[in-house]
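Chemist: Let me give you the structure first, and then I'll get to my questions.
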Amino acid sequence: MPLRSALLVTAALFTAAGVQAQDVAMPAPDTAIPRDGGDIIAPGDKIGFEADELSYDHKAATATATGKVRHNRDAWRLSADRIDYDRTTGAVVAAGNVITIDPEGNQAFGDRIELTDTLRDGVIENILLVLNDGGRLAAKEGQRSDNIISLRRAVYSPCAVVDNQGCPHAPVWQVKALRISYNRSKHRLYYKDASLEMFGVPVFFLPTFSHPDGLAKQVSGLLLPGLGFQRQLGFGVSLPYHWAIAPDRDATITPHLYTAENPALEISARRLFAGGPVQIDSFFTYSRLTDFASDGVTEIDRGNRFRGYLGVKGQFQHSPNWRSTFSVRLTTDDTFNRRYGLGYDDTLRSTYALERQTTNSYLSISAWAFQGLRVIDTPGEMPYVLPLIDYDWRPDAAVLGGRLHFGANTMNLIRTDGQSVQRALAYGRWDRSFLTGLGQRITGTAMLRGDVYNVIDPQKATLPAYAGQAGFSARAIPVAALDIEWPFAGPALGGTQTITPRIQLVATPSGIDNSTPNEDSRAIELESGSLFDLNRFPGYDRFESGTRISYGVQYALSRPGWALRSEIGQSVRLVGDGNEFPSGTGLSETASDFVGRTNLKFGSLFEITHRFRVDRHSFAVRRNEIDVQIGSRDTYATIGYLKLNRNIQLEDLQDRSELRVGGRVAFARFWSAFGSAIVDLTTAKENPTATGNGFSAIRHRIGVEYEDECFRLGVSWRRDYIGDRDFRAGNTFLLTLAFKTLGK
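Quick note, the numbering used here runs 290 ahead of the 1-based positions in the sequence shown.
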């Protein structure tokens, strides 16, 4: 009666005669010379064998294993219904449900295989080779020699050949070839006289080509071309080539050819240094530049010239505590990036930062440069910041039961034709929190800050409100605050609800000197997240003076499947007039506007967030912002709506209204449609500088995509409705193809 047995064997195993259904473990000789002249089998080689039944023919010098046979040598594995071993020739012949697995995990299936006793080399009939990346090769016969598998009249495809019901169908795509060679050591497949078929129809003849097998981390070669159409550039084709320079560096070189413009060249390069990665992206051409006269209508032909973009980014870890990060973004002219589809930024920022971080301290020494791309930007007014230093230290030791926090900042901001500012400041802060017997959380805060400024050419400030006083000035800012929160929790609607009233008293001297220049405190926005800040100005240049009380309440409800969180609050000024805030910010009067935020979430399928600001006199909505996310990973929609009705006179803070929508719908198996749009809802009544009619599309993009396990096809249409100089409003069409395991 057959019995499963596990055997540790060498080539000498088969000298045993008439062994059937027994546990056998025979010692190997010191050495055994393989018949194929391969490596010597020495003690320590890992050879395993397992079968239902094992027999030996002395006359023929052959051993036969039947049943569920498993044989392995080192990382090479073989399984079959029957395996015959010929000691004279060293041949191993397997038949019936044959499977071989190489050290990389690639599997070969066949009806019959003849191998050497190393299990490495041989011939397989009716072979199906399954690669580790999912690709499959099929042929009538295959031959494996050393690291190369050769197939004749073969076909390659990673696509499924049966549908959901198990019915056979032609793969979406496949490559048929007279000969296919798979080089395991190079991790590459080579084709001779091949043709690419889509849904069984030949579409492209390939005399010779090759591609990686998916195990190679990086290889050189052509990538799939890109096709598109853009109004200003005409029809375009890109031909990328990937250059695997070394294991730690590579580059992608992409020529772009256009029917309505000169060719362009894109080069991207990456390198991994010992300290970290660096990436360089560039795009350049020699083409015509069209500008406009001061009237905004008359075109000026600047002729052909070098135009391009350069981006560099990277990070270096110098030690466990020290690191550098940097990013450089430069372009030759204002409209190049938009014209060639590289981005819509209206300002390019370049920066370098050297940082040190420990468990209780942080130091940053950085530099900044800006390139303005708007028609109103003047190069001399764009700032350079060198250096900008931030330091933060939080000692571990407690003082008077509280925690200390020390910080410092210094900035040197330079403009070649504008206001320049040097600033240095330092502060110390003490916070102590404790819980009362009734559950209130009380936090006391004391802070002292000192600032020193030096201002050059304040008369050249972009706006008078941002100008400082020429020369040196200094100020001291003491702050004291008391913050009380009192949460009440209990069951509700099958979950837990929490109601947390909060009140805060903040006291600073009235009439803090805010005649300093304003470089980093311009974006004033009263919202629930900043209502209880000690200083409701962003940045350092402005500080809120006087004494005020802020109060509000937060409600949270959490139950299985959904959660609700809402908050609302207001502040009242007890001392001071708030004249440091521009009119319309909601903070310039004794009592502030009401601000709040509500978030409702149902699992992972629905989330809505609403932020608002309501005028305390008229209850008019001054800020209304709604963000909605609906759907799953495959079908979803996002909606964003913003309306600002603040009547702020500063042109940097003009009112605006905007609608943003986007989404994707999976309407059939493997098929989806996607789209996005940005619409300007601002009217001239809301903002005198607005040029729209209250519903002016800025940009939209729609498309259709097919994606299965082996292929992706996408077609998209983008329309830009607003032009800028030689970036004209118009349509862009893009076709994307990805043959998975081949390239994209």
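Here a beta-carbon is modelled for each residue, glycine too, at the ideal position from N, C-alpha and C.
Since the model is a prediction, treat every value here as computed from it, not as a measurement.
Spell out the partners DSSP gives ASN701 in its beta bridges.
Modeler: For the sequence presented, residue 701 should be read as Met rather than Asn. Looking at the DSSP assignment, MET701 forms a beta bridge with LEU678 and ARG713.
Chemist: So, does the region 766–782 touch the region 734–741, judging by three or more C-beta pairs under 8 Å?
Modeler: Yes, the region 766–782 is in contact with the region 734–741.
Chemist: At a cut of 8 Å, does the region 947–964 reach the region 920–936 through at least three beta carbon pairs?
Modeler: Touching, per the Cβ criterion.
Chemist: Can you look up GLY670 in the DSSP assignment and give me helix, strand or coil?
Modeler: Of the three classes helix, strand and coil, the one that applies to GLY670 here is helix, per DSSP.
Chemist: Just to confirm the assignment, what range does the alpha helix (DSSP H) spanning PHE822 have?
Modeler: PHE822 -> no alpha helix (DSSP H), and no H or E assigned at all.
Chemist: Do you know how far the Cα of SER811 is from the Cα of ASP624?
Modeler: So the two alpha carbons sit approximately 27 Å from each other.
Chemist: Which of the three DSSP states is assigned to ASP942 in this structure?
Modeler: Correct three-state label for ASP942: helix.
Chemist: Using the Cβ count rule (16 or more neighbours within 10 Å means buried), how would you classify PRO707?
Modeler: It is worth fixing the name first, because residue 707 is Asp in this sequence and not Pro. So ASP707 counts as exposed.
Chemist: Could you check if TYR576 is buried or exposed, using at least 16 other CB atoms within 10 Å of its CB as the buried criterion?
Modeler: Exposed, by the Cβ-count rule.
Chemist: Which residues in the same chain as ARG838 place their Cβ atom closer than 7 Å to its Cβ, once the five residues preceding and following it in sequence are excluded?
Modeler: The residues are VAL796, SER861, VAL862, ARG863 and LEU864.
Chemist: Within its chain, find whatever has a CB closer than 6 Å to the CB of GLN275; leave out the 5 residues flanking it on each side and keep chain order.
Modeler: Outside the displayed range of the chain (291 to 1034) lies residue 275, so it cannot be described from this structure.
Chemist: With a cut-off of 8 Å on the beta carbons, I'd call ASP905 and ASP883 a contact; round off their distance for me.
Modeler: Yes, ASP905 and ASP883 are in contact; Cβ-Cβ is about 6 Å, under 8 Å.
Chemist: Classify VAL462 as buried or exposed, calling it buried when 16 or more other Cβ atoms lie within 10 Å of its own Cβ.
Modeler: Label assigned to VAL462: buried.
Chemist: Among the residues of its own chain, which have a CB less than 8 Å from the CB of ALA764, if the five just before and after it don't count?
Modeler: Same-chain partners within the cutoff: GLY740, ASP741, VAL742 and TYR743.
Chemist: In angstroms with no decimal places, state the Cα-to-Cα distance between LYS603 and LEU514.
Modeler: Between LYS603 and LEU514, the C-alpha separation is close to 26 Å.
Chemist: Determine which residues share a DSSP beta bridge with THR621 and list them.
Modeler: In DSSP, THR621 forms a bridge with TYR599.
Chemist: Going by alpha carbons, who is nearest to ASP1016 out of LEU890, ILE767 and ARG628?
Modeler: When only C-alpha atoms are compared, the closest one is ARG628.
Chemist: Using a Cβ-Cβ cut-off of 8 Å, state whether ASP924 counts as contacting chain C.
Modeler: Of the protein chains in the structure, only one exists, and it is not chain C.
Chemist: Does the beta-carbon distance from ILE938 to PRO872 come in below 8 Å?
Modeler: Yes, the pair counts as a contact, with Cβ atoms nearer than the cut-off.
Chemist: Could you tell me which residues DSSP pairs with THR888 in its beta bridges?
Modeler: According to DSSP, which records beta bridges pairwise, THR888 is partnered with SER856 and HIS900.
Chemist: Check for me: the beta strand (DSSP E) holding ARG469 runs from which residue to which?
Modeler: Taken as a continuous stretch (DSSP letters only), the beta strand (DSSP E) holding ARG469 covers 463–473.
Chemist: Which word fits VAL527, buried or exposed, when buried means at least 16 other C-beta atoms lie within 10 angstroms of its C-beta?
Modeler: It is exposed - the Cβ of VAL527 has fewer than 16 other Cβ atoms within 10 Å.
Chemist: Classify TYR634 as helix, strand or coil using the three-state DSSP reduction.
Modeler: Coil.
Chemist: When you compare each of ALA355, ALA460, ALA1019 and HIS546 to VAL491 by their alpha carbons, which one comes out closest?
Modeler: It is ALA460 whose Cα lies nearest to the Cα of VAL491.
Chemist: Are the CB atoms of TYR642 and PHE606 within a distance shorter than 8 Å?
Modeler: Contact: no.
Chemist: So HIS695 packs on LEU1032, CB below 8 Å; how close in whole Å?
Modeler: With a Cβ gap of about 56 Å, HIS695 and LEU1032 do not count as contacting.
Chemist: Which value, in whole angstroms, describes the spacing of the CA atoms of ASP453 and ARG595?
Modeler: Near 55 Å, if we compare the C-alpha coordinates of ARG595 and ASP453.
Chemist: Starting from the C-beta of ARG1036, find all residues in its chain whose C-beta is less than 6 Å away, skip the five residues before and the five after it, and write them out in chain order.
Modeler: In the structure displayed, the chain extends from 291 to 1034; residue 1036 sits before or after that span and is not available.
Chemist: Would you list the one or two residues that DSSP bridges to PRO791?
Modeler: Partner(s): VAL843.
Chemist: By alpha-carbon positions, which one of ARG991, HIS361 and THR972 ends up nearest to GLY965?
Modeler: Selected option, being the one with the closest Cα: ARG991.
Chemist: Do you know whose CA, among GLN455, GLU671 and LEU676, lies nearest LEU656's CA?
Modeler: Reading off the sequence, residue 656 comes out as Ser, not Leu. Nearest of GLN455, GLU671 and LEU676 to SER656, Cα basis: LEU676.
Chemist: Please report the Cβ distance between PRO545 and PRO537, rounded to the nearest whole angstrom; I am assuming they are in contact, meaning their Cβ atoms lie under 8 Å.
Modeler: Wrong, their Cβ atoms sit about 26 Å apart, outside the cutoff.
Chemist: Do SER856 and THR1091 have their beta-carbon atoms positioned less than 8 Å apart in this structure?
Modeler: The structure shown does not extend to residue 1091, since the chain is modelled only from 291 to 1034, so the question has no answer here.
Chemist: Taking 8 Å as the cut-off, decide whether the C-beta atoms of VAL885 and SER818 are in contact.
Modeler: Yes, these two residues count as a Cβ contact at 8 Å.
Chemist: Going by C-alpha to C-alpha distance, which of VAL382, SER710 and THR390 sits closest to ASP407?
Modeler: It is VAL382 whose Cα lies nearest to the Cα of ASP407.
Chemist: Take the Cβ of VAL689 as the centre, count every other Cβ of all protein chains shown within 10 Å, and call the residue buried at 16 or more, exposed below.
Modeler: VAL689 should be labelled exposed.
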